[in-house]
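For the sequence shown, our numbering gives the first residue as -10, with consecutive numbering after it.
This report refers to the structure that appears directly beneath it.
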Amino acid sequence: MELKVSKKATMATTKKKNSKKEKPENTKEIPKNTEEKKNTKKEGKDNKNLQKNKKEKKIRSSLQKIKLRDVEEEEKAPKNSKEYTEGGDSEHTSGDEVHGGVSSNGTIVARAGSDANTSANDDEDNSYHSAEESDSSEDEVAPRNTVGEVPLEFYRDEEHIGYDVTGKKIKKKERKDQLERFLSSVDDKKSWRRFVDEYNDEEVELTKDEIKMIRRIMKGKTPHAEADPYAPYVDWFDWEGKGHPLSNAPEPKRRFIPSKSEAKKISKYVRAIREGRITFDKPKEKPRFYLLWGDDSSSSEKTRGLSYIPPPKAKLPGHEEAYNPSLEFIPTQEEINSYQLMYEEDRPKFIPTRYTSLRSVPAYDNFLRERFARCLDLYLCPRVRKKRLNIDPESLKTKLPEPKDLKPYPTTCYIEYKGHTDAVVTISTESSGQWIASGSTDGTVRVWEVATGRCVRVWEVGSDIRHVAWNPLPHQPILAVSVDQDVLILDTGLGSEEQQGKIRDLLRMEKPTAESGEAAIVSWLPDDKLGGLRLKHFKSVTSIEWHRRGDYLSAVIPAGESRAIMIHQLSKKGSQRIPFKLHGLPVSTAFHPSRSIFFISTKKNVRVYDLLKEKLIKRLDTNLREVSCIAVHPGGDNMIVGTREGKLCWFDMDLSSTPYKVLKAHSKDITNVAFHRSYPLFASCSEDGKAYVFHGMVYSDLNKNPLIVPLRILQEQKGKGVLDCKFHPRQPWLFTAGSDSVIKLYCH
């Protein structure tokens, strides 16, 4: 195999020698040609021939540096014997070209090939082959080993693996054993990028870009990510507007001769301009004079935009700002003192003063402040012209039904119930609507007949009455009264004898009882003086409310903290606390009309609890100062809340936890609110001496919001407030209790 390599090397050297021998032969031909032409040509041509000889030498020396081709083409060269035999006996080998190169595996190869630049004429011997330059990046770095395609197995027992370009041996490097390779690969994170080039005996590390190229090639993509394999085709010729792609026709003569038709048109235009039939716009002349204090809206430059509005003009100085104004503009000391009592908006910005000369006028104190404010007005104030919409204001109002279409509702005072000597604090109507009970600060509780206004029964309690409430069951005419720390359950003596017997059995109590663990809170005692029961509490009771079944009674004790709300059971003579944690001081309570739901109102919100599940259902936030009273709609899904600010809040509990409507009705605290049981009416009363009647329709369709319409203002005496109001259970009538100790009945 070494002999084969030597033969290839000798072939390359012999061809190089032949190329060297060609140099003197070709150089000899040039002087012969010059001697033959000396007689016919001038001496100046000798210098040109010498320059040609120098160029030929440079070209021949460059041919020695041409690289060899691949061995595969050299092996194919004998098969194409015509390329070597066509030359005959002549030694001229200008048609054969020997190239030296490097293969992809780094071996030196030789290849012989034919060049298309050969010619049969001897006169064209001076034509030389052009070297083909490769654009591959592999040619930039020459291989270290030059053994060519010699297998490396031949150097297995040798100390070297080949020879470099200078002919020196390339010695083998010491290799690591497998254990050392494994340990080094564990410590080095980049070990998977390295591999050994056995041909050059070197360790090569792949870069990140090369790894990306390998991965793209494995996926069947282009090596370079920048390359677009689907780039649009760009045609080298512009075909638009051309009948033929190329034309070698000469330019026509008409393109170089002035057009006669255009000359006629030009002469026509010139004649029209001279006669004045064609005129041109004159240049705009700038106005020589302009108004110094003129309005900016008059200028045409600034009014191009339709939405432009000129800035407001600053107030021009008048006689008051003069340094020596007349006496009528100078205020007196009393007027100056009166300015201090005015509001800052009404106070004059500048007080005129008088000076003898302009030199004695001091600097203006507010000059910088006024200039800065003026700049802010010009810069920050938005000046936009808005189109005014031609909309009737009446069409924007909500269309409410007329009050006359919503009748019946209470309008006029029909009966006055007089008998109390002090303010009537609370009233309550019996379930049949035949009787009404009232409590006053004079310490008495009275029962009135609604139709006649006659007082039927009076109890002298001796203390201020806080609240009275009729039992909701028609066959139990029992009255609950809260007095200071006691809750009295009184037998009114109304009804049939059978009903009276059941009531006496219900209110009979042999000995005082107190619930175990609750002895210090509530004590049940018989009251022989008033004829009923007395429930003693540890703090004062402000409000009481019956359950719809008439057996349970809730009592509100604001100062009771965790025991602020108690629920009493009349049949078992027992009391218990609610199983809920209170958040704030309680104001009032209410039972749901049909479900086991309990409402507790504090000063800030209303909490809704489920008594069976003992959990909080919803919390209603009023976002107002303080809640004073609540009332639940007979349907149970809506509620009105009165506040100390004189505002009414309507809550739709199925809709949201915030008010559906907030009505500013009264100027002072609202004392009570009430719903009618059967008519779509609700009312509110306040300390301002007024009672408002509203129409409140709640629809069964959940997609339709409740309709709220104010109907009537029932005017009371000025300076005397309305402390309580209640509707008649069957008729659209309203009872009001005032601080003037009179109860009034308003009918339709």
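All residues carry an ideal CB built from backbone N, CA and C; glycine is no exception.
Remember, predicted model here, so these are calculated numbers, not experimental data.
Cβ-based burial, residue i [other Cβ within 10 Å; buried from 16]
| i | result |
| --- | --- |
| residue 717 | buried |
| residue 223 | exposed |
| residue 57 | For residue 57, the predicted model reports a pLDDT of 39, less than 50, meaning its position is unreliable; a value from the coordinates is still stated below. Answer is buried; the Cβ neighbour count reaches 16. |
| residue 322 | exposed |
| residue 612 | exposed |
| residue 632 | buried |
| residue 533 | buried |
| residue 466 | buried |
| residue 111 | Summary for residue 111: the model assigns pLDDT 40, below 50, so the residue's position carries little reliability; its value from the coordinates is reported in the next sentence. Per the 10 Å Cβ criterion, exposed. |
| residue 94 | Because the pLDDT of residue 94 is 36, which lies under 50, any placement of that residue in the model is unreliable, and the number read from its coordinates should be weighed accordingly. Classification for residue 94: exposed. |
| residue 637 | buried |
| residue 645 | exposed |
| residue 379 | exposed |
| residue 641 | buried |
| residue 78 | Confidence at residue 78 is low in this model, with a pLDDT of 39, below 50, so the placement of that residue should be treated as unreliable; the coordinate-derived value is given next. Exposed. |
| residue 710 | buried |
| residue 669 | buried |
| residue 109 | With a pLDDT of 36 at residue 109, under the threshold of 50, the modelled position of this residue cannot be trusted, and the question is left open. |
| residue 596 | buried |
| residue 88 | In this predicted model, residue 88 has a pLDDT of only 36, less than 50, meaning its place in the structure is not dependable enough to derive any value. |
| residue 460 | buried |
| residue 715 | buried |
| residue 450 | buried |
| residue 308 | exposed |
| residue 268 | exposed |
| residue 85 | A caution first: residue 85 carries a pLDDT of 36, below 50, which makes its placement in the model unreliable, though a value can still be read off. With 16 or more other Cβ atoms within 10 Å, it is buried. |
| residue 96 | Confidence is the limiting factor: at residue 96 the pLDDT is only 35, short of 50, which leaves the residue's position unreliable, though a coordinate-based value still follows. By the neighbour-count rule (16 or more Cβ atoms within 10 Å), residue 96 is buried. |
| residue 301 | exposed |
| residue 725 | buried |
| residue 722 | buried |
Strand pairing of residue i, partner residues [DSSP]
| i | result |
| --- | --- |
| residue 674 | 661 and 680 |
| residue 424 | 438 |
| residue 192 | 185 |
| residue 713 | 726 |
| residue 469 | 458 and 478 |
| residue 516 | 521 |
| residue 738 | In the structure as shown, the chain starts at -10 and stops at 737, and residue 738 therefore has no counterpart that could be examined. |
| residue 686 | 696 |
| residue 138 | Residue 138 is not bridged to any residue. |
| residue 488 | None, per the DSSP bridge assignment. |
| residue 652 | 637 |
| residue 449 | 433 |
| residue 563 | 558 |
| residue 735 | 402 and 723 |
8 Å contact criterion, which residue i and residue j should meet: CB distance rounded
| i | j | result |
| --- | --- | --- |
| residue 425 | residue 418 | 5 Å |
| residue 433 | residue 453 | Wrong, their Cβ atoms sit about 10 Å apart, outside the cutoff. |
| residue 712 | residue 728 | 6 Å |
| residue 219 | residue 134 | The Cβ separation is near 42 Å, so there is no contact. |
| residue 590 | residue 630 | 7 Å |
| residue 592 | residue 574 | 6 Å |
| residue 544 | residue 436 | That pair is no contact at about 22 Å. |
| residue 548 | residue 570 | Rounded, the Cβ-Cβ distance is 17 Å, inconsistent with contact. |
| residue 525 | residue 514 | 6 Å |
| residue 737 | residue 396 | 7 Å |
| residue 439 | residue 422 | 6 Å |
| residue 464 | residue 428 | Not quite, the Cβ-Cβ distance comes to about 23 Å (not below 8 Å), so this is no contact. |
Proximity test, Cβ basis, 8 Å: residue i and chain D
| i | result |
| --- | --- |
| residue 562 | The chain labelled as chain D is not found in the depicted structure, where only one protein chain is given. |
Does the region 174 to 192 come within contact of the region 201 to 216, defined as at least 3 CB pairs closer than 8 Å?
They do not touch, by the three-pair rule.
Does the pairing of the region 374 to 383 with the region 333 to 343 give three or more beta-carbon distances under 8 Å?
Inter-segment contact for the region 374 to 383 and the region 333 to 343 is absent: fewer than three beta-carbon pairs are separated by less than 8 Å.
Contact the region 579 to 596 vs the region 533 to 543: 3+ CB pairs below 8 Å:
Result yes; three or more Cβ-Cβ pairs closer than 8 Å.
Any 3 or more C-beta pairs closer than 8 Å across the region 521 to 529 and the region 463 to 481
Output reads yes: the region 463 to 481 touches the region 521 to 529.
With three or more beta-carbon pairs closer than 8 Å as the criterion, would you say the region 613 to 630 touches the region 656 to 668?
Two segments are said to touch when three or more pairs of C-beta atoms, one from each, lie closer than 8 Å; by this definition the region 613 to 630 touches the region 656 to 668.
Restricting to runs no shorter than 4 residues, where is the alpha helix (DSSP H) found entirely within the region 209 to 274?
For secondary structure counted as the alpha helix (DSSP H) over 4 or more consecutive residues, the region 209 to 274 holds these complete runs in sequence order: 249 to 264.
Where are the beta strand (DSSP E) runs, 3 residues long or more, that stay fully inside the region 531 to 556, in chain order?
Under the rule that a run must span 3 or more residues, the beta strand (DSSP E) segments found entirely inside the region 531 to 556 read 532 to 535 and 541 to 545.
With a cut-off of 8 Å, do at least 3 Cβ pairs link the region 681 to 692 to the region 599 to 614?
The region 681 to 692 vs the region 599 to 614: no contact.
Taking 8 Å as the cut-off, does the region 343 to 357 touch the region 309 to 327 (at least 3 CB pairs, one atom from each stretch)?
Touching, per the Cβ criterion.
Which ranges does the alpha helix (DSSP H) cover as unbroken runs of at least 4 residues, wholly within the region 294 to 371, from first to last along the chain?
You should have 322 to 330 and 356 to 369.
Unbroken beta strand (DSSP E) runs of length 3 or more, entirely within the region 144 to 180: which are they?
Those beta strand (DSSP E) runs which fall completely within the region 144 to 180 and span 3+ residues are 149 to 152 and 158 to 160.
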